[in-house]
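Trainee:
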Amino acid sequence: MQTFSDQLGLRCVLMRGGTSKGPFFLAEDLPPAGARRDAALLRLMGALEPRRIDGIGGIDSLTNKVAIISRSARPGVDVDYLFAQICVHKNTIDYSVNCGNMLAAVGPFAIDEGLVKAAAGASTDVAIFNVNTGKRIVATVRTRAGRAVYAGEAAIDGVAGTAAPVWLRFCDVAGAKTGKLLPTGQAVETLEGVRVSCVDAAVPMAIVEAAELGMTGYETADEINARDDLLARVERVRCAAGRAMGLGDVSRLEMPKLVTVARPVGGGTINARYFMPYTCHTSFAVTGAVCLAAAVQVPGSVAARIADRAEAGEVAIEHPAGTLRVGIDASQGAAGIEIRSASLLRTARRLYAGTVYFPEATLEASAAESAREVLA
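Residue numbers (the numbering used here): 1283 to 1658.
What follows is the structure, encoded as structure tokens:
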């Protein structure tokens, strides 16, 4: 860290990954994991006041994400990626889940920062270990002259314009947190008076038919977020699903997520709304898309019952900003459905590189608070 007057500075690269954005840090530049690091991240993101004026974060979850990257010592892995979600409703940090949109920027960041050497050809594979879930992802990044290429023809719904494609392949997606594709052992059950499918693939998720929550399923994110009664009910179902999955009290966590589903209307496989979890996403999360695509493969699940027949190996998810297509490698065996991998297209862009500052007193206050907790 650098010192500037009474402030501390950290090297930082601001990246857009998919439909999210946030600062990327090298793990070696941050304080060790713990209260001091969390205090620094919360302060530099501006999480202590609602409009985020005194920090680099935004006012919703999509712009309050942090990526912490390091070279990996794991066999067959290039970099470790730890995702930190700044919880805008609680001013806390949640490390319990992955973010697949931010994941799209990990490969380009790793190449541009010299953590991974670009291949001689037109693209480079970057093997990424997500520390949050213990799962491996391979990102295929377009490269030229040793750097990531950002301009290109790929378009994703929720982001204006086009950019170079970043292909993400999620390996061994089942059981990201619980160790099981179906954490409760059932494809569907009743929680808080509604039928719910609890599925864990890339992220643990509760899937509910929209009509059972009094929705059409085609509402905009703004329409949903204006309904406090609906958001409160969604949260009750989500917390009940967390308990059913064996995750305990999830009221202060970002997982499991909750998704409502309805019949497709635009030629896709299924129509869905994704909760982050306290508000509705304006598009759709990558890890959530992987989980929903896996759920469509599970006979008897809420998603499978409502989905139109998917094209071989692909699930097209209609969401408020368009459609997200997930390639899914699955098969039905004697032991049940097996989800081998999932892949999808994202884009990314390097936005800013420099130094981000936060008050030096932040770490002093964090150290004092930790000491009080020990004495207590």
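Glycine included, every Cβ here is placed at the ideal spot set by N, Cα and C.
Quick one: grab the DSSP three-state call for S1287.
Mentor: Reduced to three states, the DSSP call for S1287 is coil.
Trainee: For V1547, does the three-state DSSP call read helix, strand or coil?
Mentor: Note: V1547 maps to coil in three-state DSSP.
Trainee: Can you tell me which of the three DSSP states V1485 falls into?
Mentor: Note: V1485 maps to strand in three-state DSSP.
Trainee: What residue range is occupied by the uninterrupted alpha helix (DSSP H) comprising E1505?
Mentor: Where E1505 is concerned, the enclosing alpha helix (DSSP H) stretches over A1503 to N1507.
Trainee: Please state if the CB of Y1363 and the CB of A1386 are separated by a distance shorter than 8 angstroms.
Mentor: Not closer than 8 angstroms, so no.
Trainee: Is the stretch 1476-1487 in contact with the stretch 1441-1450, if contact means three or more CB pairs nearer than 8 angstroms?
Mentor: No, the stretch 1476-1487 is not in contact with the stretch 1441-1450.
Trainee: Between K1347 and V1532, what straight-line distance do the alpha-carbon atoms span, to the nearest angstrom?
Mentor: So the two alpha carbons sit approximately 19 angstroms from each other.
Trainee: Exposed or buried, I1588, counting other C-beta atoms within 10 Å across all chains shown (16 or more means buried)?
Mentor: So I1588 ends up on the buried side.
Trainee: Taking the alpha-carbon positions, what's the C1244 to D1439 distance?
Mentor: The structure shown has nothing for residue 1244, since the chain only spans 1283 to 1658.
Trainee: Taking 8 angstroms as the threshold (C-beta atoms), are I1621 and G1550 in contact?
Mentor: Against a cut-off of 8 angstroms, the Cβ pair of I1621 and G1550 comes out as no contact.
Trainee: Using 8 angstroms as the limit for Cβ to Cβ distance, is G1496 near chain C?
Mentor: Reference to chain C is not applicable here, since this structure consists of a single protein chain.
Trainee: With DSSP collapsed to three states, give me the class of A1436.
Mentor: If DSSP states are grouped into helix, strand and coil, A1436 belongs with the strands.
Trainee: Does DSSP classify N1553 as helix, strand or coil?
Mentor: In the structure shown, N1553 sits in a strand (DSSP, three-state: E or B).
Trainee: Using 8 angstroms as the threshold, is the stretch 1422-1436 in touch with the stretch 1624-1640, meaning 3 or more CB pairs across them?
Mentor: With the cut-off at 8 angstroms, the stretch 1422-1436 and the stretch 1624-1640 touch.
Trainee: Buried or exposed: which applies to P1559, given that a residue is buried once 16 or more other Cβ atoms fall within 10 Å of its Cβ?
Mentor: So P1559 counts as buried.
Trainee: Inspect the CB distances between the stretch 1322-1338 and the stretch 1522-1529 and report whether three or more fall short of 8 angstroms.
Mentor: The stretch 1322-1338 is not in contact with the stretch 1522-1529.
Trainee: Can you tell me where the beta strand (DSSP E) with T1569 in it begins and where it stops?
Mentor: Counting along the chain, T1569 falls outside any beta strand (DSSP E), though it belongs to the alpha helix (DSSP H) covering V1568 to V1578.
Trainee: Quick one: is G1299 buried, meaning 16 or more other Cβ sit within 10 Å of its Cβ, or exposed?
Mentor: Buried is the call here.
Trainee: Would the beta-carbon of V1481 fall within 8 angstroms of that of V1580?
Mentor: Their beta carbons are under 8 angstroms apart, which means V1481 touches V1580 by this criterion.
Trainee: Within this structure, are the beta carbons of T1406 and I1393 separated by less than 8 angstroms?
Mentor: For T1406 and I1393, yes; Cβs fall inside 8 angstroms.
Trainee: Take V1584 and list the residues in its own chain whose beta-carbon comes closer than 8 angstroms to its own, dropping the five residues that flank it on each side.
Mentor: Here the set comprises V1470, R1477, V1478, S1479, I1489, V1490, E1491, V1543 and A1577.
Trainee: Give the C-beta separation of I1351 and F1286 to the nearest angstrom, bearing in mind that I take them to be a contact with Cβ-Cβ under 8 angstroms.
Mentor: Their Cβ separation, rounded to whole angstroms, is 24 angstroms, which puts I1351 and F1286 out of contact at 8 angstroms.
Trainee: For Y1500 and R1555, I'd like the C-alpha separation in whole angstroms.
Mentor: When rounded, the distance between both Cα atoms is 8 angstroms.
Trainee: Got a sec, what are the start and stop residues for the alpha helix (DSSP H) V1388 sits in?
Mentor: It spans V1388 to D1394 - the alpha helix (DSSP H) in which V1388 sits, taken as one unbroken run.
Trainee: Out of D1510, V1516 and V1572, point me to the one whose CA is closest to A1458's CA.
Mentor: Residue V1572 is the option with its Cα nearest to A1458.
Trainee: Terminal residues of the continuous alpha helix (DSSP H) containing R1515?
Mentor: Where R1515 is concerned, the enclosing alpha helix (DSSP H) stretches over D1510 to A1526.
Trainee: Measure the Cβ-Cβ separation of M1527 and V1379 and say whether it is below 8 angstroms.
Mentor: No.
Trainee: Which partner residues of Y1500 appear in the DSSP bridge assignment?
Mentor: None; Y1500 has no bridge partner.
Trainee: Quick one: what does DSSP say L1540 is sitting in, helix, strand or coil?
Mentor: Reduced to three states, the DSSP call for L1540 is strand.
Trainee: Can the beta-carbon of Y1639 be found less than 8 angstroms from the beta-carbon of G1291?
Mentor: In contact: Y1639 and G1291 (Cβ atoms closer than 8 angstroms).
Trainee: Name, in chain order, the residues that DSSP records as bridge partners for V1490.
Mentor: V1478 and T1542.
Trainee: What would DSSP say about L1464, mapped onto helix, strand or coil?
Mentor: In the structure shown, L1464 sits in coil (DSSP, three-state: anything other than H, G, I, E or B).
Trainee: Which same chain residues end up closer than 7 angstroms to E1655 when comparing Cβ atoms and leaving out the 5 residues on each side of it in sequence?
Mentor: The pLDDT assigned to E1655 is 41, lower than 50, so where the model puts this residue is not dependable, and the model offers no usable value.
Trainee: Taking just the CA atoms, how far does T1466 sit from G1636?
Mentor: Cα-Cα distance, rounded: 46 angstroms.
Trainee: What residues are listed by DSSP as bridge partners for D1611?
Mentor: DSSP output for D1611 lists S1623 as bridge partner(s).
Trainee: Using three-state DSSP, classify V1448 as helix, strand or coil.
Mentor: The answer is strand: DSSP assigns V1448 an E or B state.
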